[in-house]
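**Student:** Have a look at this one.
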Amino acid sequence: MGFFIETVFGGLMAGVLYSLVALGFVLIFKASGVFNFAQGAMVLFAALSMARFSEWLPLWLGFENKILGNLLAFAISAAIMLAFAWLVERYVLRHLVNQEGVTLLMATLGITYFLDGFGQTLFGSSVYRIDVGMPKDPVFIFENVFPGGLLVSKEDFYSALVAAALVAVLTLFFQKTGTGRALRAVADDHQAAQSIGIPLNRMWVIVWFVAGITALVAGVIWGSKIGVQFSLTLVALKALPVIIIGGLTSVPGAIIGGLIIGVGEKLSEVYLGPALGGGIEIWFSYVLALFVLLVRPQGLFGEKIIDRV
Amino acid sequence: MIYRENGQFKTNYRDDKQIFPIAQDRWFVIGFILLAFTVAPYVFDDYVLKAILVPFLILSLAAIGVNILVGYCGQISLGSGAFMAVGAYLAYNAFVRIDGMPLIAAILIGGVFATVVGVVFGIPSLRVKGLYLAVATLAAQFFCDWAFARIKWFTNDSTSGSVAVGGLEVLGWSINTPTDKYLFCLGFLVVFGLLAKNLVRGAIGRQWMAIRDMDVAAAVIGIRPVYAKLSAFAVSSFIVGVAGGLWGFIHLGAWEPLAFSIDRSFQLLFIVIIGGMGSILGSIFGAAFIVILPIFLNQFLPFVGGLVGVSVSTAMVSHAEFMVFGALIVWFLIVEPHGLARLWGIAKQKLRLWPFPH
Numbered sequence: 524m525g526f527f528i529e530t531v532f533g534g535l536m537a538g539v540l541y542s543l544v545a546l547g548f549v550l551i552f553k554a555s556g557v558f559n560f561a562q563g564a565m566v567l568f569a570a571l572s573m574a575r576f577s578e579w580l581p582l583w584l585g586f587e588n589k590i591l592g593n594l595l596a597f598a599i600s601a602a603i604m605l606a607f608a609w610l611v612e613r614y615v616l617r618h619l620v621n622q623e624g625v626t627l628l629m630a631t632l633g634i635t636y637f638l639d640g641f642g643q644t645l646f647g648s649s650v651y652r653i654d655v656g657m658p659k660d661p662v663f664i665f666e667n668v669f670p671g672g673l674l675v676s677k678e679d680f681y682s683a684l685v686a687a688a689l690v691a692v693l694t695l696f697f698q699k700t701g702t703g704r705a706l707r708a709v710a711d712d713h714q715a716a717q718s719i720g721i722p723l724n725r726m727w728v729i730v731w732f733v734a735g736i737t738a739l740v741a742g743v744i745w746g747s748k749i750g751v752q753f754s755l756t757l758v759a760l761k762a763l764p765v766i767i768i769g770g771l772t773s774v775p776g777a778i779i780g781g782l783i784i785g786v787g788e789k790l791s792e793v794y795l796g797p798a799l800g801g802g803i804e805i806w807f808s809y810v811l812a813l814f815v816l817l818v819r820p821q822g823l824f825g826e827k828i829i830d831r832v
Numbered sequence: 043m044i045y046r047e048n049g050q051f052k053t054n055y056r057d058d059k060q061i062f063p064i065a066q067d068r069w070f071v072i073g074f075i076l077l078a079f080t081v082a083p084y085v086f087d088d089y090v091l092k093a094i095l096v097p098f099l100i101l102s103l104a105a106i107g108v109n110i111l112v113g114y115c116g117q118i119s120l121g122s123g124a125f126m127a128v129g130a131y132l133a134y135n136a137f138v139r140i141d142g143m144p145l146i147a148a149i150l151i152g153g154v155f156a157t158v159v160g161v162v163f164g165i166p167s168l169r170v171k172g173l174y175l176a177v178a179t180l181a182a183q184f185f186c187d188w189a190f191a192r193i194k195w196f197t198n199d200s201t202s203g204s205v206a207v208g209g210l211e212v213l214g215w216s217i218n219t220p221t222d223k224y225l226f227c228l229g230f231l232v233v234f235g236l237l238a239k240n241l242v243r244g245a246i247g248r249q250w251m252a253i254r255d256m257d258v259a260a261a262v263i264g265i266r267p268v269y270a271k272l273s274a275f276a277v278s279s280f281i282v283g284v285a286g287g288l289w290g291f292i293h294l295g296a297w298e299p300l301a302f303s304i305d306r307s308f309q310l311l312f313i314v315i316i317g318g319m320g321s322i323l324g325s326i327f328g329a330a331f332i333v334i335l336p337i338f339l340n341q342f343l344p345f346v347g348g349l350v351g352v353s354v355s356t357a358m359v360s361h362a363e364f365m366v367f368g369a370l371i372v373w374f375l376i377v378e379p380h381g382l383a384r385l386w387g388i389a390k391q392k393l394r395l396w397p398f399p400h
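Protein chains in written order, with the numbering used here: chain A, 524 to 832; chain B, 43 to 400.
Rendered as structure tokens:
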């Protein structure tokens, strides 16, 4: 029993990270109807920038303080993501307004490749560390409930907290601020939003920036966990089944979908894996998404926006 | 001046329905193919044949398959690499497990199995389209990656997980030298290219295009979406599967699942976008472009770096390759969505008037 719960716990933690990446997808899809394949590349790019600047800045400016270095690096990475959002809007999205979804998807594939190459040219392509001072030591909890207790990593716990905080901030931003309201209006109806004077182009920049920030946070958490390396983009590809399961247009869907995938993956690996030869984590989430597509194409929480043919 | 159709009258329907209605085009293409078969093997050295032309021919073939699905039927696929893998591995199994299996038959059997897998993963396309379908085809990609790496039966219980074929021969003609390989692949490309061209300009191809342009309207005028979409998946994955068989048997000789990873799927999609969606000729242009560009960058970037006094490492070249491909994809989608094939068409149009302005 203890082992089962440990597995579920581990899955939930992985799921939180999938949710973070999926959140970026959903935000952009809602606001601009773009299925942003580049979200994974954005995670890698932001994480690379964070890792390298937190390493470079103390050298350049000659200070030792780690927290200051990390904060500055975070700010610079956020600024870079803002510049990226502006460039994408100015040079890609603006020219592809009113194109079909598939065209936009392929354009973001192009952005993915560009960003992968650009990030590695700029920041190098080996494995980098992000050290934001997350405690690494595992702890035992519930020792009085189960014999031996449950082994959880403190790091996982903190990253879940950070993710929850980010979601809370995003919710506040969307519900309480003027910009957030405008973004929701754009998400509901482009034309109506435009007709009451909401500047679509600026909203796209903002939403890509917000997605960039979620990518940055996801990148920092993930990077401090497994190191910043190219395989981050592959992990981020897992966010695709997450949003299929949760629904393309639903923020809660992204979070719950992420948790479902995280837990499902770990459980299937542990309990089904040995029978099938192991390594089924790679495809389990995709095949799950495939079944969801067949049975309930709009996902668990999504709006019914798919045209049936 | 030279390129004119003046005086070429079409007096019956047969003339009107030719693949190349303009005589100059026809003779040019026929002449080009003949040159490719006869002169090219003597002109190019082994390195060019082996490292450039053979991959180019096979990728062209695969791109034709992908183009049928993506360009003609409008169903996006990120799983082409998986269908290539199915073609390669099942062809391998047919070749190794059945005694005396002819090479061409083995490759075609691989194609048939790829068809089956393609249709199975194409079933979601009946309910969803576009973005959603991309995820469904990604499922095919990851599942096949795993299956060929983990299920021992597919690799004939080889311990290293990689498979190798040897002793390739067709009716006593053994395919060993780069020239043989080149001719073998060229034969496949010509046959399948002609087949695909005829399919897409026939009734079934028009159905695909109708579905692509507007599925509801197509259904209203009596085109069965189920039949049209699944047939596109079937034909596409058959051709892609055959290309996969060739890639494994002829180009690589020995391979492991990594040869057909998701990068291959993206590469094929890029060939189609750059070459021109909805164009057989475009697939070939795109493949040529994508094979030549890395070689060009490999030579060109260190040269430029040398001019400005920066040494360019191979890692930088490969990153630059990523950037150039990414930027080109976006550029083509914005500026010329019909790709190189359309540029070719414009050039031909200009040539008809040349040297006069009107």
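Virtual Cβ for every residue (Gly too), placed ideally from N, Cα, C.
Closest to F312(B) by C-alpha separation, out of I634(A), V730(A), W609(A), would be which residue?
**Tutor:** Among I634(A), V730(A), W609(A), the Cα nearest to that of F312(B) belongs to I634(A).
**Student:** Hey, does Y174(B) have any beta-carbon neighbour from chain A nearer than 8 Å?
**Tutor:** Y174(B) counts as touching chain A.
**Student:** When you check each C-beta in the region 635 to 650 of chain A against every C-beta of chain B, which residues fall closer than 8 Å?
**Tutor:** The residues in question are T635, Y636, F637, L638, D639, G640, F641, Q643, T644, S648.
**Student:** State the DSSP-derived secondary structure class of E211(B), mapped to helix, strand or coil.
**Tutor:** E211(B) falls in the strand class under three-state DSSP.
**Student:** Could you name the residues of chain B that M629(A) contacts, counting a contact when the two beta carbons are closer than 8 Å?
**Tutor:** Correct list: I118, L311, I315, I371, L375.
**Student:** Taking a Cβ distance cut-off of 7 Å, strictly less, list which residues of the region 325 to 351 of chain B are near chain A, in chain order.
**Tutor:** Result list empty, no residue passes.
**Student:** Just confirm the distance between the C-beta atoms of F405(B) and V128(B), as a whole number of angstroms; I'd bet it's less than 8 Å.
**Tutor:** Residue 405(B) is absent from the model: chain B starts at 43 and stops at 400.
**Student:** Does A812(A) have its Cβ less than 8 Å from a Cβ in chain B?
**Tutor:** Output row for A812(A): interface = yes.
**Student:** Would you mind reading off the limits of the alpha helix (DSSP H) that contains A301(B)?
**Tutor:** Element bounds for A301(B): n/a, residue is neither H nor E.
**Student:** Got a sec? Which residues, its chain only, sit under 8 Å from I75(B) by beta carbon, not counting five neighbours each side?
**Tutor:** Excluding positions up to five away in sequence, the list reads V232.
**Student:** State the DSSP-derived secondary structure class of A93(B), mapped to helix, strand or coil.
**Tutor:** Looking at A93(B) - three-state DSSP - the assignment turns out to be helix.
**Student:** So, is H361(B) buried or exposed, given that buried needs 16 or more other C-beta atoms within 10 angstroms?
**Tutor:** Its Cβ being crowded by 16 or more others within 10 Å, H361(B) is buried.
**Student:** In the DSSP assignment, the alpha helix (DSSP H) including H293(B) goes from what residue to what residue?
**Tutor:** Careful: H293(B) lies outside any alpha helix (DSSP H) and carries neither H nor E.
**Student:** From V815(A) to A276(B), what does the alpha carbon distance come to, in whole angstroms?
**Tutor:** C-alpha separation (whole angstroms): 23 Å.
**Student:** Cutting at 6 Å between CB atoms, please list the residues of its own chain near Q50(B), excluding the five before and the five after it.
**Tutor:** Result list for Q50(B): A65, in chain order.
**Student:** Should R831(A) go down as buried or exposed, given a rule of 16 or more other Cβ atoms within 10 Å for buried?
**Tutor:** A caution first: R831(A) carries a pLDDT of 47, below 50, which makes its placement in the model unreliable, though a value can still be read off. So R831(A) counts as exposed.
**Student:** So which residues of chain A does F230(B) contact, with C-beta pairs closer than 7 Å?
**Tutor:** Within chain A, no residue comes near F230(B); the closest Cβ sits about 28 Å away, beyond 7 Å.
**Student:** Can you grab the Cα-Cα spacing for the pair R248(B) / V242(B), in whole Å?
**Tutor:** Cα to Cα, R248(B) sits roughly 7 Å from V242(B).
**Student:** In whole angstroms, give me the CA-to-CA distance for V108(B) and L610(A).
**Tutor:** Cα to Cα, V108(B) sits roughly 31 Å from L610(A).
**Student:** Which residue's Cα is closest to the Cα of I833(A): F568(A), P764(A), A710(A), I784(A)?
**Tutor:** With chain A covering 524 to 832 only, the question about residue 833(A) has no answer from this structure.
**Student:** Going by the beta-carbon positions, is the gap between I281(B) and I146(B) smaller than 8 Å?
**Tutor:** Not closer than 8 Å, so no.
**Student:** Using the C-alpha atoms, what's the distance from T530(A) back to S773(A)?
**Tutor:** The straight-line gap from Cα to Cα measures roughly 27 Å.
**Student:** Any beta carbon from chain B within less than 8 Å of R831(A)'s own beta carbon?
**Tutor:** Confidence in R831(A) is poor, its pLDDT being 47 and thus under 50, which makes the residue's placement too unreliable to answer from.
**Student:** Closest by CA to V162(B), which one among W188(B), F125(B), M143(B)?
**Tutor:** For V162(B), the nearest C-alpha among the options comes from F125(B).
**Student:** Tell me whether the region 317 to 336 of chain B and the region 98 to 107 of chain B touch, counting them as touching only if at least three CB pairs, one residue from each stretch, are closer than 8 Å.
**Tutor:** In short, these stretches touch, since the Cβ pair count reaches three.
**Student:** State the CB to CB distance for the pair L782(A) and G563(A), rounded to an integer number of angstroms; the pair is presumed to be in contact (CB under 8 Å).
**Tutor:** Not confirmed; about 19 Å, so no contact.
**Student:** Mind checking who Y651(A) pairs with in its DSSP beta bridge?
**Tutor:** BP columns for Y651(A) point to V751(A).
**Student:** Residue ranges of each alpha helix (DSSP H) run of no fewer than 4 residues wholly in the region 146 to 204 of chain B, ordered along the chain?
**Tutor:** List check, alpha helix (DSSP H) in window: 173 to 192.
**Student:** Taking CB distances under 8 Å as the criterion, tell me whether L77(B) reaches chain A.
**Tutor:** By this cut-off, L77(B) is not an interface position.
**Student:** Going by other Cβ atoms of all chains shown within 10 Å of its Cβ, with 16 needed for buried, is G585(A) buried or exposed?
**Tutor:** Classification of G585(A): exposed, given that the 10 Å Cβ count is below 16.
**Student:** For the region 83 to 97 of chain B against the region 220 to 234 of chain B, do three or more pairs of beta-carbon atoms, one drawn from each stretch, fall closer than 8 Å, so that the two count as touching?
**Tutor:** As far as the Cβ criterion goes, the region 83 to 97 of chain B touches the region 220 to 234 of chain B, which means the pair count is three or higher.
**Student:** Could you please give me the residues that DSSP links to A25(B) through a beta bridge?
**Tutor:** Residue 25(B) cannot be examined here, being either before or after the span of chain B that is shown, 43 to 400.
**Student:** Take the Cβ of N852(A) as the centre, count every other Cβ of all protein chains shown within 10 Å, and call the residue buried at 16 or more, exposed below.
**Tutor:** This structure gives no information on residue 852(A), because the portion of chain A shown stretches from 524 to 832.
**Student:** Shortest alpha-carbon distance to L546(A) belongs to which of R819(A), L763(A), I805(A)?
**Tutor:** L546(A) has its Cα closest to that of L763(A), out of R819(A), L763(A), I805(A).
**Student:** V751(A) and V685(A) - do their beta-carbons sit closer together than 8 Å?
**Tutor:** No; because the gap between Cβ atoms is not below 8 Å, this pair is not in contact.
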